[in-house]
Amino acid sequence: MKIATWNINGIKARLPNLERWLIEASPDIACLQEIKSVDENFPSELFEEMGYNVAVHGQKSFNGVAILSKKPLDEVIKGLPGDEEDDQARYLEAVISTDNGALRVASIYLPNGNPVDSPKYPYKLDWMARLKAHAETLLAYEEPLVLAGDYNIIPTDLDVYDASKWVEDALFLPQSRAAYHEILNLGLTSAFEACHNQPHSYTFWDYQRGSWQKDHGIRIDHLLLSPQATDRLISCSIDRPTRGWEKPSDHVPVTIELDV
DNA sequence: ATGACCTGTTTAACAGGA
5 MKIATWNING IKARLPNLER WLIEASPDIA CLQEIKSVDE NFPSELFEEM
55 GYNVAVHGQK SFNGVAILSK KPLDEVIKGL PGDEEDDQAR YLEAVISTDN
105 GALRVASIYL PNGNPVDSPK YPYKLDWMAR LKAHAETLLA YEEPLVLAGD
155 YNIIPTDLDV YDASKWVEDA LFLPQSRAAY HEILNLGLTS AFEACHNQPH
205 SYTFWDYQRG SWQKDHGIRI DHLLLSPQAT DRLISCSIDR PTRGWEKPSD
255 HVPVTIELDV
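The opening residue of the first sequence carries number 5 in the working numbering; numbering runs sequentially from there.
Printed below as a string of structure tokens:
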């Protein structure tokens, strides 16, 4: 089973590319971020015609996450638990039936956090603390679990073209990376790192400054797996060519194959 | 030497992204 994550940066602008990619890559489950749409304007029927079940957690203009799944969605949870006041649509979780039992998948759009001296940075750290608490709850189920998404975290200096340019950035500050590693240290495995030791394998290139042409990228999209999912991990790949398509997202898909 | 973009919305400049 192929499970992918992709920050599409707007469903309306990305629909042609998303359709093409769904046909060519044919993921069984696609976790999408930054749909930038309310639920009613998300083209769910189109994806249903392509054979997907659809769960959407959208909001107007910004953020928004979705899950497309060829297998039925048994249970859907919208929003990250832990703060009733938080109205940003950044977390969607679903339990999916497979031939070998239940698989739990989340589509995550972790806050960017810049600028660091604004309330956005404490919001990021608070959100990560909530994600850690929730991940702890989910890990206790001892089932295959995939927490996939745009984490807005550069894990190490080998995941950026020039670390010195990012030391003050919310994606790379020691405190941000420490919060990310706290989540990993609960017992999760980063799929890409389990499959590869190739440094400078990026998933995002800025639209500005010719970043794509110069390969000035960062690796910020991750799939974190529970032990039960890690046991079944076959491969992980970054779909780099999509960044070179017409009207690309600034992120590319990351896909894992699980033996489930 | 430096900067160079894209998206959605309020359709004309913004806000937000990373």
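From the three backbone atoms N, C-alpha and C, an ideal C-beta is built for every residue, glycine too.
Proximity winner among the options, relative to residue i (alpha-carbon distances)
i, options, result
"Leu262", "Leu228, Arg244, Ser253 and Glu186", "Leu228"
"Gly86", "His220, Phe208 and Tyr95", "Tyr95"
Host beta strand (DSSP E) of residue i (start-end)
i, result
"Asp219", "First-last for Asp219: undefined, no H or E at that position."
"His61", "Asn57 to His61"
"Glu172", "Glu172 -> no beta strand (DSSP E), and no H or E assigned at all."
"Ala106", "Gly105 to Tyr113"
Sequence-distant residues of its chain with Cβ nearer than 8 Å to residue i (five each side left out)
i, result
"Ala182", "none"
"Ser239", "Cys199, Ile260 and Glu261"
Contacts around residue i, its chain only, beta-carbon distance under 7 Å, and the 5 residues preceding and following it disregarded
i, result
"Asn67", "Glu38, Gln92, Ala93, Arg94 and Tyr113"
"Phe46", "Ile15, Ile39, Val60, Gly62 and Ala70"
"Val99", "Asp78, Glu79, Ala106 and Arg108"
"Ile158", "Val164, Trp170, Leu175, Phe176, Ile222, Arg223 and Ile224"
"Lys82", "His61 and Leu96"
"Leu142", "Arg108 and Leu149"
Boundaries of the alpha helix (DSSP H) in which residue i is found, first to last residue
i, result
"Glu186", "Pro178 to Leu188"
"Thr234", "Pro231 to Thr234"
"Tyr125", "Lys124 to Leu143"
"Ile15", "Ile15 to Ala29"
"Ser48", "Ser48 to Glu53"
Outcome for residue i when other beta-carbon atoms lying within 10 angstroms are tallied against a minimum of 16
i, result
"Glu97", "buried"
"Ala139", "buried"
"Ala17", "exposed"
"Leu162", "exposed"
"Thr160", "exposed"
"Gly117", "buried"
"His185", "exposed"
TODO: For the stretch 111 to 129 and the stretch 195 to 211, state whether three or more C-beta atom pairs, one from each stretch, are separated by less than 8 Å.
DONE: no
Open item on the list: Counting beta carbon pairs with one atom in the stretch 110 to 119 and one in the stretch 143 to 154, are three or more of them shorter than 8 Å?
Closed with: By the Cβ rule, the stretch 143 to 154 counts as touching the stretch 110 to 119, because three or more pairs are nearer than 8 Å.
TODO: Count the CB pairs spanning the stretch 240 to 260 and the stretch 208 to 221 that are closer than 8 Å, and state whether there are at least three.
DONE: yes
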